[in-house]
């Protein structure tokens, strides 16, 4: 009994995973599998039931499992050139040369003010919240100033998102999310907050004319019809939807919803009194000029009253983990002008505060000038980041064009969404077919992509390629391997 | 309707509180009351019900309210010498001169390794966990080495405690806590974790012979009888107790449970299969040689198996907020050898990670040598801290001796627990009588102590004095004011 439990724990650990951005499975993290587990001495089955709470195991069960397979496969390195290439974790490794020297410099010139050792305002230091507001106004191109008191900074986007949702919905109520979606949302919203996910299915893209291998972005736009349908479905399942969570720019699709689509969603939410949370964690990674990205905050700003005039139903979450590749600093931020949740959010944030020391560092980064007097450090950094993202994105897009593989021509984020339906095996359930294809790509061709099923995509055969998680050499090799794969399959 | 809601929000904000250590009410934090709240335009009662979740308001309601009165009173400062003295917030301000230059130096010499920008292991960097283990082994005087893989570092003691309890008990199950207890435990364990508090009442001290004004420590020791009684009471209230949370050294009492008392508690917990969480956040602030403090980890270590041999029912939480006065860095740690919660704890901790940058800083602090080759930086720091605590403790104890006010002769922590029953007004309920006394001390004599009722003390008339939250001048004035008060009341 005891033994089988440990076995099951270990299996959990192996599977525990982790879609795109889950810390434990990137190259920097130690695997939970490696941790030592203690002998249990003489416990009985009855005792085993008491040594942990069922919700603990359930929380772990919420994590995606596809990387378990990847872990069983040799990873690519200079000494293992045939190992699998990591193209599935949403990490941007193109910015290290800019970040490391700057952070070292910022850190070395930090004075440590006496007040920083003591308890801070739970929502964050005032000067840091002001710096965050100024940064967001600039980066999101807002035409009115934010209210720094509407900002709460916490230990990561997941942490502030969890508290925001706890403040807006009761356990068992629903968070609507357009599919496909970032796999870790399920852990963030269900594990402790106790919410339910109500997926929003958008139009299938085969309904569009296809003249090229470019999937039309429109195929994935939510609208009144798809939102209404999702509400109906959710209610039929006994779940009352209270929140719509939008990933904008969209992960895993790598696209931006155009302003008219966003405005329709905003209007719908306000009419239905459903909270709209816009997750704009990739807003500083919009790398194409024609992306047509406009922040939900700008589109929802009514100009009525103070600050942006968002009213109680519009909220933003953001973090430095993607646009700055600073996931290790755990700096997230939320913004809301809803007066009823202001105090609860500040108080709940006490359970996920950012170190004063890191607040000081990041405040410095966000407020530093650059060598060019017309451009701040963050603006210069962002311009370089866009250039590098565009170069990688272009290269991957060209490869797909050349191969005639349908894909979404991304404009933002770190990914390309690809349609590999052509390569699905004929037999089996949807899940089995996609899993076979995933394993073939991984084991036979050394390509580790994020499978669409882990992101709740409706149809099997879609994959997300993260084009920033590899070195230049690895990225080039990835393109070669993909060509080899397609040629092998078609010949 | 809308207006009244805003009024109620503001009132909440004013009352929101906070016992001893809640960030929002110390002198460094901005008050939530000062935050700007937006106009709501034309919302209806039905709409109001949708703009926030009931659990948000409930969470705020868990915070203690006594400081609302304090906020209405002028605070002491050089320009307001008649203002009230802050002797209620558990902050140690005696260490600033040691900390600020050292942290500035540690910070300025920090290299920023490239791997620190990316996602870290969710349970903390390996080198930091090893440094934390070595520090705890030394500070807690453990005779066997800890397993660094049993450590999870998270954003504060409250954060790791919450996840530990979530992993050990289901919503609605009980956490037993001996009274009086740290007021914020209720927020930490109820707001999101959904647990219930089951108080453990210890013997009343009037059952002891009183030859002096010294309250016997024994009056507050839990034992098999009081624990059994608490279980019975909890079950009668429909709450199944799964955890016993021990504050050791005890806040607010300022005492340590002797080894035989702790051993009895450990045995009882193991027999009953109730998890024992020892909160040893003040273990580095044991300032008297005769304190007889022994860590629960040392007493529970069986030597069986690997690491300490604690088995699945013994767990520790710790943080740097008290012994190092570094509450602003939000560095908490938990330790457990329970294999079933290892992975859940690592994963849940993703929602309250410590910045890599602060992990690097604190690792440096914990591993630095001092000028004396035989003493590490933390050992030298601790010796100085003990000296200063003892000096303040002695002075306050002497004042109470001189005045003949019964008190617990503390040996650890930042407080003295005082019996002011003599000064309670005769009429009214227990709560009313204590509140009148509290307000008299505050408003007429400028003494802000923590009232026992906010810490769920059974009897009215007890107060906690925090003797480290004031400057030397303020502390001296506090002693003068107390003398003045007692003389005024007795004359």
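Residue numbers (the numbering used here), protein chains in the order written: chain A, 1 to 491; chain B, 1 to 491. No residue lacks a Cβ here, since even glycine has one placed at the ideal position from N, Cα and C. None of the values given here were measured: they were computed from a predicted structure.
Annotation: the continuous alpha helix (DSSP H) that includes residue 380 of chain A extends over 377-403. With a beta-carbon spacing of about 41 Å, residue 408 of chain B and residue 191 of chain A fall beyond the 8 Å limit used to define contacts. Taking CB atoms only, residue 457 of chain A has no neighbour in chain B less than 9 Å away. For the region 134-146 of chain B, no residue has a beta-carbon sitting nearer than 9 Å to a beta-carbon of chain A. Looking at the DSSP output, residue 412 of chain A bridges to A/286. Secondary structure note for residue 275 of chain B: it is in no alpha helix (DSSP H), and the uninterrupted beta strand (DSSP E) holding it is 275-279. Identification of chain B residues near residue 352 of chain A by a Cβ-Cβ cut-off of 7 Å yields 155, 159, 351, 352, ordered along the chain.
With a cutoff of 9 Å on beta-carbon distance, residue 336 of chain A and residue 125 of chain A are scored as not near each other.
For the region 353-366 of chain B, the residues whose beta carbon sits under 7 Å from a beta carbon of chain A are, in order, 353, 354, 355, 356, 357, 358, 361. Under DSSP, residue 241 of chain A takes part in a beta bridge, and its partners are A/174.
By the beta-carbon neighbour count (other beta carbons within 10 angstroms, threshold 16), residue 224 of chain A is exposed. Going by C-alpha positions, residue 299 of chain B is about 42 Å away from residue 477 of chain B. Residues 73 of the same chain have their beta carbon placed closer than 7 Å to that of residue 443 of chain B, with the five preceding and five following residues left out of the count. Taking the Cα of residue 359 of chain B as reference, the smallest distance to any Cα among B/263, B/382, B/319 is reached at B/319. The beta carbon of residue 285 of chain A lies closer than 8 Å to those of 92, 249, 322, 323, 385, 386, 389, 412, 413, 414 in the same chain, with the five residues before and after it left out. Using a Cβ-Cβ cut-off of 9 Å, residue 230 of chain A does not count as an interface residue toward chain B, since no Cβ of chain B sits closer than that to its own. In terms of CA proximity to residue 135 of chain A, A/377 leads the group A/419, A/221, A/313, A/377. For residue 94 of chain B, same chain residues with a beta-carbon under 6 Å away, outside a window of 5 residues either side, are 388, 468 in chain order. Comparing C-alpha distances from residue 303 of chain A to each of A/145, A/131, A/424 shows the shortest one belongs to A/145.
Straight through space, the alpha carbons of residue 120 of chain B and residue 156 of chain A are spaced by roughly 12 Å.
Residues of chain A whose Cβ lies closer than 9 Å to the Cβ of residue 335 of chain B do not exist; the shortest such Cβ separation is about 12 Å. Counting of Cβ neighbours within 10 angstroms places residue 81 of chain A among the exposed residues, the total staying below 16. Chain A has a Cβ within less than 9 Å of the Cβ of residue 328 of chain B. The same chain holds no residue with a CB closer than 6 Å to that of residue 395 of chain B once the five nearest residues on each side in sequence are set aside. Contact between residue 182 of chain B and residue 88 of chain B is ruled out by a C-beta separation of about 13 Å, above the 8 Å threshold. Under the three-state reduction of DSSP output, residue 217 of chain A falls in the helix class. Taking a beta-carbon distance threshold of 9 Å, residue 415 of chain B does not count as an interface residue toward chain A. Counting C-beta atoms within 10 angstroms of its own C-beta, residue 374 of chain B has fewer than 16 neighbours from the protein chains shown and is therefore classed as exposed. Annotation: Cβ neighbours of residue 114 of chain A in chain B (cutoff 7 Å, chain order): 96, 100. Residue 237 of chain A is classed as exposed because its beta carbon has fewer than 16 other beta carbons within 10 Å across all chains shown.
Closest option to residue 122 of chain A, judged by alpha-carbon separation, among A/213, A/345, A/255, A/403: A/345. Per the DSSP secondary-structure output, residue 86 of chain B pairs in a beta bridge with B/448. Taking 9 Å as the cut-off, the beta carbon of residue 315 of chain B is found closer than this to the beta carbon of residue 168 of chain B. Not flagged as an interface residue toward chain A: residue 288 of chain B, since no C-beta distance is shorter than 9 Å.
DSSP places residue 194 of chain B in the coil class of the three-state scheme, outside both helix and strand.
When only Cα atoms are considered, residue 161 of chain A and residue 474 of chain A end up about 34 Å apart.
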